[in-house]
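Chemist:
2 protein chains.
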Amino acid sequence: MLEKIDLNRKLPKSEYKSLIGELERRIGKLQRDARKLKIPVVVVFEGWDAAGKGTLINNLILALDPRGFKVYPTNAPTQEERLRPWLWRFWIRTPARGRLAIFDRSWYGKVLVERVDEIVPKEEWTQAYSDINSFERHLSDDQIVLVKFLLHIDKKEQKKRFEKLLANKSTAWKVTSDDKRHHRQYNLYYRAFEEMLERTGTEWAPWTVIEAHDKKFATIKMLTTLIDALERRIAGSNSQGKEGHHDAPVKESAGPLDLSTSILNSVDLSENLPRDRYSSASKKLGKRLLELEHEVFLKRVPVIIVYEGWDAAGKGGNIRRLVQGMDPRGYEVVPFAAPTQEEKDHHYMWRFWRVLPKAGHITVFDRSWYGRVLVERVEGFCSEEQWSRAYREINETEQQWCDFGAVVIKFWLQIDQAEQLRRFEARQRTPHKQWKITDEDWRNREKWEDYSAAVEEMLLKTSTTYAPWTIVEANDKPFARIKAMKTVVQALQRRL
Amino acid sequence: MLEKIDLNRKLPKSEYKSLIGELERRIGKLQRDARKLKIPVVVVFEGWDAAGKGTLINNLILALDPRGFKVYPTNAPTQEERLRPWLWRFWIRTPARGRLAIFDRSWYGKVLVERVDEIVPKEEWTQAYSDINSFERHLSDDQIVLVKFLLHIDKKEQKKRFEKLLANKSTAWKVTSDDKRHHRQYNLYYRAFEEMLERTGTEWAPWTVIEAHDKKFATIKMLTTLIDALERRIAGSNSQGKEGHHDAPVKESAGPLDLSTSILNSVDLSENLPRDRYSSASKKLGKRLLELEHEVFLKRVPVIIVYEGWDAAGKGGNIRRLVQGMDPRGYEVVPFAAPTQEEKDHHYMWRFWRVLPKAGHITVFDRSWYGRVLVERVEGFCSEEQWSRAYREINETEQQWCDFGAVVIKFWLQIDQAEQLRRFEARQRTPHKQWKITDEDWRNREKWEDYSAAVEEMLLKTSTTYAPWTIVEANDKPFARIKAMKTVVQALQRRL
Numbered sequence: 001m002l003e004k005i006d007l008n009r010k011l012p013k014s015e016y017k018s019l020i021g022e023l024e025r026r027i028g029k030l031q032r033d034a035r036k037l038k039i040p041v042v043v044v045f046e047g048w049d050a051a052g053k054g055t056l057i058n059n060l061i062l063a064l065d066p067r068g069f070k071v072y073p074t075n076a077p078t079q080e081e082r083l084r085p086w087l088w089r090f091w092i093r094t095p096a097r098g099r100l101a102i103f104d105r106s107w108y109g110k111v112l113v114e115r116v117d118e119i120v121p122k123e124e125w126t127q128a129y130s131d132i133n134s135f136e137r138h139l140s141d142d143q144i145v146l147v148k149f150l151l152h153i154d155k156k157e158q159k160k161r162f163e164k165l166l167a168n169k170s171t172a173w174k175v176t177s178d179d180k181r182h183h184r185q186y187n188l189y190y191r192a193f194e195e196m197l198e199r200t201g202t203e204w205a206p207w208t209v210i211e212a213h214d215k216k217f218a219t220i221k222m223l224t225t226l227i228d229a230l231e232r233r234i235a236g237s238n239s240q241g242k243e244g245h246h247d248a249p250v251k252e253s254a255g256p257l258d259l260s261t262s263i264l265n266s267v268d269l270s271e272n273l274p275r276d277r278y279s280s281a282s283k284k285l286g287k288r289l290l291e292l293e294h295e296v297f298l299k300r301v302p303v304i305i306v307y308e309g310w311d312a313a314g315k316g317g318n319i320r321r322l323v324q325g326m327d328p329r330g331y332e333v334v335p336f337a338a339p340t341q342e343e344k345d346h347h348y349m350w351r352f353w354r355v356l357p358k359a360g361h362i363t364v365f366d367r368s369w370y371g372r373v374l375v376e377r378v379e380g381f382c383s384e385e386q387w388s389r390a391y392r393e394i395n396e397t398e399q400q401w402c403d404f405g406a407v408v409i410k411f412w413l414q415i416d417q418a419e420q421l422r423r424f425e426a427r428q429r430t431p432h433k434q435w436k437i438t439d440e441d442w443r444n445r446e447k448w449e450d451y452s453a454a455v456e457e458m459l460l461k462t463s464t465t466y467a468p469w470t471i472v473e474a475n476d477k478p479f480a481r482i483k484a485m486k487t488v489v490q491a492l493q494r495r496l
Numbered sequence: 001m002l003e004k005i006d007l008n009r010k011l012p013k014s015e016y017k018s019l020i021g022e023l024e025r026r027i028g029k030l031q032r033d034a035r036k037l038k039i040p041v042v043v044v045f046e047g048w049d050a051a052g053k054g055t056l057i058n059n060l061i062l063a064l065d066p067r068g069f070k071v072y073p074t075n076a077p078t079q080e081e082r083l084r085p086w087l088w089r090f091w092i093r094t095p096a097r098g099r100l101a102i103f104d105r106s107w108y109g110k111v112l113v114e115r116v117d118e119i120v121p122k123e124e125w126t127q128a129y130s131d132i133n134s135f136e137r138h139l140s141d142d143q144i145v146l147v148k149f150l151l152h153i154d155k156k157e158q159k160k161r162f163e164k165l166l167a168n169k170s171t172a173w174k175v176t177s178d179d180k181r182h183h184r185q186y187n188l189y190y191r192a193f194e195e196m197l198e199r200t201g202t203e204w205a206p207w208t209v210i211e212a213h214d215k216k217f218a219t220i221k222m223l224t225t226l227i228d229a230l231e232r233r234i235a236g237s238n239s240q241g242k243e244g245h246h247d248a249p250v251k252e253s254a255g256p257l258d259l260s261t262s263i264l265n266s267v268d269l270s271e272n273l274p275r276d277r278y279s280s281a282s283k284k285l286g287k288r289l290l291e292l293e294h295e296v297f298l299k300r301v302p303v304i305i306v307y308e309g310w311d312a313a314g315k316g317g318n319i320r321r322l323v324q325g326m327d328p329r330g331y332e333v334v335p336f337a338a339p340t341q342e343e344k345d346h347h348y349m350w351r352f353w354r355v356l357p358k359a360g361h362i363t364v365f366d367r368s369w370y371g372r373v374l375v376e377r378v379e380g381f382c383s384e385e386q387w388s389r390a391y392r393e394i395n396e397t398e399q400q401w402c403d404f405g406a407v408v409i410k411f412w413l414q415i416d417q418a419e420q421l422r423r424f425e426a427r428q429r430t431p432h433k434q435w436k437i438t439d440e441d442w443r444n445r446e447k448w449e450d451y452s453a454a455v456e457e458m459l460l461k462t463s464t465t466y467a468p469w470t471i472v473e474a475n476d477k478p479f480a481r482i483k484a485m486k487t488v489v490q491a492l493q494r495r496l
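Top line first, the protein sequences correspond to chains A and B. Heads up: the first sequence runs through residues 1 to 496, numbered per this note's numbering. Heads up: the second sequence runs through residues 1 to 496, numbered per this note's numbering.
1) Note the first and the last residue of the continuous beta strand (DSSP E) segment covering residue 335 (chain A).
2) With contact counted as at least three CB pairs below 8 Å, one residue from each stretch, are the region 347-363 of chain B and the region 296-315 of chain B in contact?
3) Is the CB of residue 507 (chain A) under 9 Å away from at least one CB in chain B?
4) Any C-beta of chain A sitting closer than 9 Å to the C-beta of residue 196 (chain B)?
5) In whole angstroms, give me the CA-to-CA distance for residue 439 (chain B) and residue 457 (chain A).
6) Taking Cβ to Cβ, would you say residue 165 (chain A) is nearer than 9 Å to residue 46 (chain A)?
7) My assumption, with CB atoms under 8 Å, is that residue 86 (chain A) sits in contact with residue 404 (chain B). Please give the rounded CB distance.
8) By the criterion of Cβ-Cβ separation under 9 Å, what are the contact partners of residue 103 (chain A) in chain B?
9) Under a CB-based cut-off of 9 Å, is residue 16 (chain B) close to chain A?
10) Counting contacts by CB-CB distance shorter than 9 Å, is residue 348 (chain A) in contact with chain B?
11) Shorter than 9 Å from the beta carbon of residue 256 (chain A) to some beta carbon of chain B?
12) Give the residues of chain B in contact with residue 396 (chain A), contact being defined as C-beta atoms less than 7 Å apart.
13) Measuring alpha carbon to alpha carbon, tell me which residue in A:309, A:292, A:311, A:92 is nearest residue 302 (chain A).
14) Establish whether the CB of residue 332 (chain B) and some CB of chain A are separated by less than 9 Å.
15) Please check if any C-beta of chain A sits within less than 9 Å of the C-beta of residue 119 (chain B).
16) So, with DSSP's three-state summary, where would you put residue 102 (chain B)?
17) Against chain B, with Cβ distances strictly below 9 Å, would residue 314 (chain A) count as a contact?
18) With a cut-off of 8 Å on the beta carbons, I'd call residue 459 (chain B) and residue 305 (chain B) a contact; round off their distance for me.
19) Tell me the DSSP secondary structure of residue 244 (chain B) in three-state form.
20) Does the beta carbon of residue 245 (chain A) sit closer than 9 Å to a beta carbon anywhere in chain B?
21) So which residues of chain A does residue 138 (chain B) contact, with C-beta pairs closer than 9 Å?
22) Step through the CB atoms of chain B and report whether any lies within less than 9 Å of the CB of residue 328 (chain A).
23) Select from B:388, B:434, B:432 the residue whose C-alpha is nearest the C-alpha of residue 454 (chain B).
24) Run the CB neighbour count on residue 198 (chain B), radius 10 Å, all protein chains shown included, and call it buried at 16 or more, exposed below.
25) Determine whether the beta carbon atoms of residue 481 (chain A) and residue 321 (chain A) lie at a separation below 9 Å.
26) Taking residue 145 (chain A) and residue 41 (chain A) to be in contact with their CB atoms under 8 Å, please state how far apart those CB atoms are, rounded to whole angstroms.
27) Check each candidate in A:181, A:365, A:354 and name the one with the smallest Cα separation from residue 334 (chain A).
28) Quick check on DSSP: helix, strand or coil for residue 7 (chain B)?
29) Work out the CA separation of residue 211 (chain B) and residue 98 (chain B) for me, nearest whole Å.
30) Between the alpha carbons of residue 79 (chain A) and residue 104 (chain A), how many angstroms are there, rounded?
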């Protein structure tokens with residue numbers, strides 16, 4: 001998930017100033033409301049050394065009534081704490097109803113520092129995931145609002161920050177030998193963070209990754225996320241006791257400012273490939289794909305390839321080029337449109353399970369189970385509860401497939417609105433392509449923003465180490481096709 | 001859990017006849033209602049070889065409209081099935097809305113025969129528990145009613161049935177060499193069943209253990225449980241879309257007949273101990289307890305001892321005798337009454353976590369977290385949703401404690417109503433004991449039946465391999481004290 005995050009989000013000082021006062025007032029008000037409604041709140045701050053946890057926590061508590069919260073810094077467990085089950089020290093610090101507990105690092109130490117530094121054996125930190133999920137579920141079922149922040153910076157930024165601290169005598173002491181070692185272990189931590197997000201990003205206790213290069217941006221995003229979670233719960237408390245979901249993407253509570261992760265915005269759509277290079281590359285890759293298809297068959301590896309993307313993003317042509325040189329006995333392309341009545345009468349995953357490739361075969365899904373969190377979400381074909389739950393359901397399912405040995409490759413074909421318009425109009429002008437463009441396509445186009453938000457959340461929540469998304473820059477079709485072919489070749493080579 | 005089951009439940013033929021017709025009519029009606037409401041239903045039959053799965057399934061489908069259900073016998077996976085992720089063959093057989101799927105053996109084969117026969121390695125069947133829980137949760141979240149039966153018979157009964165089959169030429173072929181081997185492996189299977197119940201008995205897909213020595217009793221219990229689950233769901237569907245819980249104990253839908261497991265009824269309360277034997281035994285055990293307390297300290301084992309039982313069952317005196325000879329620096333007795341305001345303001349487990357013994361120490365809980373599923377349930381201090389959830393919460397929590405190395409010993413002190421009355425009256429007659437008896441005690445006594453049902457369900461759902469309940473026959477106090485002391489001695493010896 002982290003690789004998809006655009007870390008260069010920034011907020012000009014003037015904009016920060018215009019927002020912060022109002023957010024502080026709102027969070028203060030919400031804290032009072034939560035106290036009145038007896039809603040307990042747990043806020044967790046995790047993240048890289050020097051990512052700015054201290055600053056953010058400070059910016060948060062400055063806005064709060066000090067009688068209503070407590071900050072718990074988490075260090076290595078003391079001797080007393082070691083004598084109890086490991087979650088003991090966190091259980092006894094859970095907040096009373098109406099109060100806030102802020103954890104500066106937390107129970108996640110078990111799957112981060114204790115894992116990376118090999119302080120605990122593998123069985124122990126693997127077990128910790130399920131202990132954590134139980135713990136958080138117990139709290140959430142008891143109506144505690146759980147908000148978890150992961151402050152993310154890249155290795156270069158971390159280095160810069162350490163160097164700045166070291167350059168000044170009065171701050172140099174802050175950089176410990178542990179910090180230096182952790183910096184060298186950046187990649188190990190990165191992997192641990194990734195796995196943590198995958199395994200513990202639940203509906204009841206979702207993670208919010210904060211792009212922390214710019215502290216002003218980070219502060220605004222942190223406050224807005226917390227405000228959003230509290231407002232949802234309070235709205236839920238007021239409406240017939242139904243629980244509010246606090247796992248939806250951050251709404252634009254901060255006014256016109258968009259704080260959601262902007263994976264799509266940072267895609268470079270100017271990528272393109274000259275015709276001659278396309279032709280030689282596609283020939284070469286096509287040959288390699290045929291070889292790999294045979295190897296996959298011999299080694300009994302099932303391969304699942306998913307195509308999702310905007311209308312007119314070129315899925316059909318891309319798929320055709322991918323399978324063009326392959327042996328048809330080894331692969332199958334299955335297109336999915338609206339479900340039939342029989343399919344509607346089953347769980348939404350059922351129709352996809354039915355055509356799952358058997359070991360040694362390749363299935364290309366032209367649209368897929370991701371419809372649940374795209375079209376079904378945006379068009380209201382399923383409830384918020386249903387699509388919110390689907391991220392985890394999908395991750396769990398794909399994990400099972402990968403456990404079985406499957407390779408799962410997922411493409412999101414990205415084009416911009418202007419390009420889509422050009423293609424729609426071209427379709428309408430060209431008689432033999434008119435069938436491809438319907439009123440529905442135009443209607444969907446009007447909901448571009450809603451779909452964008454859904455795509456962003458999908459990419460963030462379902463890009464896992466075992467089944468990552470590949471975003472394909474698809475304004476230029478030749479480039480898109482080569483990128484997809486290359487990605488498949490690489491994924492299969494890695495697996496074989 | 002299984003050891004607590006009274007297998008000798010029986011139903012006279014006349015009573016069976018008077019019930020079966022009405023149950024068949026009701027299940028037929030419910031099937032039609034479920035079809036109309038588009039409620040899909042999955043029924044799973046697991047159990048010992050020769051436990052009578054075939055008979056029960058037959059008795060079920062005779063009452064059903066054949067157009068609305070399908071029976072899936074589950075054998076070893078075929079070659080085609082082996083080429084897909086292991087749950088594939090079950091996923092594609094999930095029922096359409098409004099239909100019933102009946103599984104004669106099921107996905108539990110992975111943690112039963114495939115485990116016991118070592119067909120799959122340990123990692124695989126351990127992983128299967130979480131795959132199964134995800135699978136069932138996905139189905140349940142999609143509004144599928146899941147009813148799972150485990151047909152239980154003891155080893156002797158199984159042998160008798162095999163011998164009967166073998167004695168007759170026309171049935172002898174039914175007893176395969178696999179069956180014979182499984183019979184020899186009775187203890188291995190027993191353990192596998194126990195673990196299966198513990199790990200997959202969830203709120204969304206609870207197990208019902210059926211005492212299967214008597215097929216008439218088994219049939220009635222199976223039908224009644226299924227009727228109950230369907231009625232609850234249909235009632236839920238009719239009341240503003242709220243999901244019905246189908247995990248509560250079987251109500252007396254079969255009229256005056258009590259079908260719930262009757263753990264308490266089979267307790268032999270005539271157990272007693274002559275005064276002289278009591279005195280020598282308690283002296284000996286007391287000495288041993290002191291030694292063990294020191295060993296526990298040296299080996300840093302935390303020990304958690306829970307006392308629950310009826311009012312006036314003698315918890316206080318029993319605890320006093322237990323700790324009488326022990327070193328007070330190593331143990332603590334913590335009594336729990338109604339929670340304080342501060343305690344109410346936290347999760348119900350919080351006050352118990354706070355006093356959890358540290359490694360090397362012993363804490364005796366005079367009443368405990370089981371209040372959630374006893375007094376809080378019966379008196380309506382928490383919602384059905386809350387106490388239904390609590391069984392799993394408690395099991396998960398105790399599992400964490402045991403993972404940490406704790407020994408968890410739980411006593412239920414059982415007396416009968418007549419004995420309680422004698423003790424209440426004695427308390428009222430004896431001036432220095434009058435403080436012990438309050439109006440509340442009398443009120444609780446009136447709810448004996450409700451409490452009994454709660455106790456039964458608690459014993460069944462929270463007696464785990466890692467933290468089993470010990471039922472103490474407490475009509476005779478000396479007997480009860482010695483049994484508790486012995487149990488603690490044995491549990492500590494086993495651990496050390």
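C-beta: ideal position from N, C-alpha, C; glycine also. Bear in mind the structure is a predicted one, so any value in this text is a computation, not a measurement.
Modeler: If we stick to the structure as given:
1) Annotation: the continuous beta strand (DSSP E) that includes residue 335 (chain A) extends over 331-335.
2) yes
3) No information on residue 507 (chain A) is available, as it lies outside the stretch 1 to 496 that chain A covers here.
4) no
5) 58 Å
6) No, they are not a contact pair.
7) 7 Å
8) Correct list: empty, because the minimum Cβ distance to chain B is about 16 Å.
9) no
10) yes
11) Annotation note: pLDDT 48 at residue 256 (chain A) (below 50); position unreliable, no value reported.
12) Chain-ordered, the chain B residues with CB closer than 7 Å to the CB of residue 396 (chain A) read 134.
13) A:292
14) No, no contact with chain A.
15) no
16) strand
17) no
18) About 17 Å separates the CB atoms of residue 459 (chain B) and residue 305 (chain B); that is not less than 8 Å, and the two are not in contact.
19) Low confidence applies to residue 244 (chain B): its pLDDT is 38, below 50, so where it sits in the model is not reliable, and the reading given next is rough at best. Residue state, collapsed to three classes: coil.
20) Only weak support exists for where residue 245 (chain A) lies, its pLDDT of 41 falling under 50; the coordinates are left without a value.
21) Close partners of residue 138 (chain B) in chain A (Cβ separation under 9 Å): 347, 349, 389, 393, 396, 397.
22) Answer no: the Cβ-Cβ gap between residue 328 (chain A) and chain B never drops below 9 Å.
23) B:388
24) buried
25) yes
26) Between residue 145 (chain A) and residue 41 (chain A) a beta carbon distance of about 5 Å is seen, short of the 8 Å cut, so the two are scored as contacting.
27) A:365
28) coil
29) Distance from the CA atom of residue 98 (chain B) to the CA atom of residue 211 (chain B), rounded to whole angstroms, is 29 Å.
30) 20 Å
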